[in-house]
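Taken in sequence, the protein lines are chains S and X.
Using the working numbering, the letters of the first sequence map in sequence onto residues 421 to 671.
Using the working numbering, the letters of the second sequence map in sequence onto residues 713 to 1087.
Virtual Cβ for every residue (Gly too), placed ideally from N, Cα, C.
Model, not experiment: these values are computed from the prediction.
For reference, the structure discussed in these notes is given below.
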Amino acid sequence: MKRKAVIEIQGLVNTFGDQVIHDHLNLKVYEGEILGIVGGSGSGKTVLMRSIIGLHSYDKGEIRVFGQKSFQKDVKAQWGILFQNGGLISSLTAAENIAIPMREIAHIPEKIIDELVGLKLNRVGLPPEAASKYPSQLSGGMVKRVALARALALDADLLFLDEPTAGLDPIAAARFDELILQLQESLNLTIFIITHDLDTLYRTCSRLGAIVDKKIFTGTASQLQRMDHPWVQDYFNGPRSRAALKSKELL
Amino acid sequence: MTNQDLLKTLKKDDTLYISLSGRWTALSAEPILHTLSQIELSGVQKVCLSLQDLVKLDTTGAYILSKFINGFKEFGILVHKQDISPTALSLLKQVSDFAYEPKRDSFSPSYRRWIEGVGEKCFAGYRKSLHFIEFIGEVCLGTFRMIRHPHQFRYLSFFGFVERVGVHALPIIGLISFLIGVVLAYQGVGQLAKFGAEIFTVNLVGVSVLREVGILLTAIVVAGRSGSAFAAQIGSMKLNEEVDAIQTFGLSPVDVLVIPRITALLVALPLLAVYSGVLGILGGAVMIMNLVDISFQTFLSQLKAAVSLSTFWVGFIKAPVFAVIIGLVGCFEGLNVKGGAESVGEKTTLAVVESIFLVLVLDAAFSILFSYLGV
């Protein structure tokens, strides 16, 4: 079956001064898949995501999202982004943060925005009291969930999640994984996850991409496990990875 | 988007057939709501919903739809759904599972809130004054510690701050002082010429620049440049948990962050005040020599007659006091930052406003003091 590529990256080169981060990196993300990106610290996972969404101007290469090279508002209505530190606007309450895309992009009538915000808050497991709180009054985990609710505000077709479960307790992280799977199922989302959480990786992702040696290698977990590269071997055959894999099999 | 694209209705006896089509997504929320509000329901007993032609349904669309269906039920109208895809069904179930009415904050009457607000502000002001006094005490203790153990003083950051607070402020303070001198001289010559006393413009410029304008101007520029920078730097360090980290190393944030900044100001601000005085008089000289036909020599001898060393000292003595106030307020507000990025901006503004306010109040206090002392 020929699948439609939502994101196409060709020959991406990113450098910071003398330091090369990505060297002719190629990647395709297909419609309806959950792609998990792994890589050591500083390997350029976040830079890759920022290059895709247009926040980082890359040196060379070509990136197309939904077949387009430059992103107008119609593309921005089709994606939702969860930033590593939440990226919530500090002068707005949680509810107002979630309402931003509804108001600014979709122009949803005011009378149902409140109710939709309530729905989203509830969906990500936040209590109603959280709605009127400012980001500075929320705990780290709650900030993550508000940010996720904002990313999901318009049921975007393409979701970027940068370390979504980092800083969450295991129960919340597991619930988060379930939520991602459910959403993917009911909305046929394409999800691009950067994560170090091996449980999330094995539980939710249909395909993995490992950034090593300035390039990306993709495949299923078992394919990557057999890859002959020291970092990949360490990563996927390390004790924590095996434990996570085992717990997945038990499920 | 026309209504035809979103749904078609057909009425047969007491049954209304509604067939949904198109994209029921967040982006078309407005036309969907509009279309739904126009459906004629009089005499309808039963509704048959068909989702067969639906291209896309998302949470927003599903939410509006489920609200609409619940509306039928309230009217006692039977609803029959057909041709629903499993994904649409699960979405509809999800939105009804997770729906809830957002709680509105209960509002007390406005006069009560106003009185409460006044009370809160008063108490906040009182608490802040206590904190500030406490902070001054801490800084004093820190200063004594530094005097007793001079090797603990952070010389490196002290010199760094002297450069940033003092050297980097030279161009702006120089320019402003020069221009103020020019302005004073121009106004002075204009008024004094009516008495044929243009030469006394030199006295006017000399005394006002040395006693008041030079030092005040310097203090205000430094408060704006450096007081704000102190508050912002320390504030972001506070947010970044750097201040907490410093504490866990057994160091005092006052010793590490506050004292080097205040001592740097204590050194730099008086020097800047002298510099400002010199350039202010220079600006005045240029203007006077242009407007009134006197030589630089005459200007200098008139200046010498007008100002004495005490004129200079009366102005200069204020500089260290202003320096300490600006440094204290800037650092204090910086350490008060908590919460988020917004707080940094708020405290930075407060630092500037409060330090300029205090500088002006203290300047007035000095004037009163000097008038009693007769200097």
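When DSSP states are grouped into helix, strand and coil, X/Ser1007 belongs to the coil group. Here the region 1030–1037 of chain X makes contact with the region 1062–1072 of chain X; the two share three or more CB pairs at distances below 8 Å.
For X/Leu896 and X/Pro982, the gap between their C-alpha atoms comes out near 22 Å.
Using beta-carbon distances, S/Ser606 counts as an interface residue toward chain X, with a partner under 8 Å.
Beta-bridge partners assigned by DSSP to S/Thr638: S/Gly629.
By the C-beta criterion, the region 1001–1014 of chain X is judged not to be in contact with the region 940–948 of chain X, since fewer than 3 inter-stretch pairs fall below 8 Å.
Closest in C-alpha terms to S/Leu609, from the list S/Ser471, S/Asp654, S/Asp577, comes S/Asp577. Using a Cβ-Cβ cut-off of 9 Å, X/Ser802 is close to Gln602, Glu605, Ser606 of chain S, given in chain order. The continuous beta strand (DSSP E) containing S/Val433 extends over residues 425–436.
Around X/Gly908, the same chain offers no residue with a beta carbon nearer than 6 Å, after the five sequence neighbours per side are excluded.
In this model, X/Phe780 and X/Leu748 are separated by some 8 Å (Cα to Cα). For X/Leu853, the number of other beta carbons within 10 angstroms of its own is below 16, and it is reported as exposed. When DSSP states are grouped into helix, strand and coil, X/Arg824 belongs to the helix group. The shortest C-alpha to C-alpha distance from X/Asp770 to any of X/Thr721, X/Gln794, X/Phe912, X/Leu804 is the one to X/Leu804. In this chain, S/Tyr478 is not harboured by any alpha helix (DSSP H), its DSSP state being neither H nor E.
For X/Glu1054, at least one C-beta of chain S is nearer than 8 Å to its own C-beta. Close to chain S, meaning a Cβ-Cβ distance shorter than 8 Å, is no residue of the region 1038–1049 of chain X at all.
Exclusion of the five residues before and after X/Thr913 leaves Ala897, Gly900, Val901, Leu904, Ile1000 as the residues of its chain whose Cβ lies within less than 6 Å of its Cβ.
Under DSSP, S/Lys553 shares a beta bridge with no residue. Of all residues in the region 495–511 of chain S, only Ala497, Ser510, Ser511 come within less than 7 Å of chain X when Cβ atoms are compared, listed by chain position. At least one CB atom of chain S sits nearer than 8 Å to the CB of X/Gln806. For S/Val458, the enclosing beta strand (DSSP E) starts and ends at 454–459.
Close CB contacts of S/Ala497 within its chain, under the 7 Å cut and outside five residues either way in sequence, are with Ile525, Ala526, Leu574 (chain order). For a cut-off of 8 Å, the C-beta gap from S/Val537 to S/Ala515 is around 5 Å, short enough to register as a contact. Neighbours of X/Ile776 in chain S, taken as residues whose beta carbon is under 8 Å from its own, are Ile532 in chain order. In this structure S/Tyr450 touches S/Val426 by the C-beta definition: roughly 7 Å separates them, less than 8 Å. Under the 8 Å criterion on CB atoms, S/Ala526 is classed as interfacial with respect to chain X. Among the CB atoms of chain S, one or more fall inside 8 Å of the CB of X/Ala741.
In terms of Cβ geometry, X/Gly939 and S/Ser556 do not form a close pair [threshold 8 Å]. Neighbours of S/Leu574 in chain X, taken as residues at a C-beta separation under 7 Å, are given in chain order as Ala738.
Nearest Cα to S/Leu607 within the set X/Asn915, X/Val966, X/Thr772, X/Gly893: X/Thr772. For S/His442, the secondary structure class from DSSP, reduced to helix, strand or coil, is strand.
When C-beta atoms of the region 579–588 of chain S are compared with those of the region 608–628 of chain S, three or more pairs fall below 8 Å, so the two segments count as touching. For X/Leu896, the closest Cβ of chain S is not nearer than 8 Å. Taking X/Ala800 as the centre and dropping the five residues before and after it, the same chain places the C-beta of Leu763, Leu769 closer than 6 Å to its C-beta, in chain order. If you ignore the 5 residues before and after X/Gly962, its C-beta comes within less than 7 Å of no other C-beta in its own chain.
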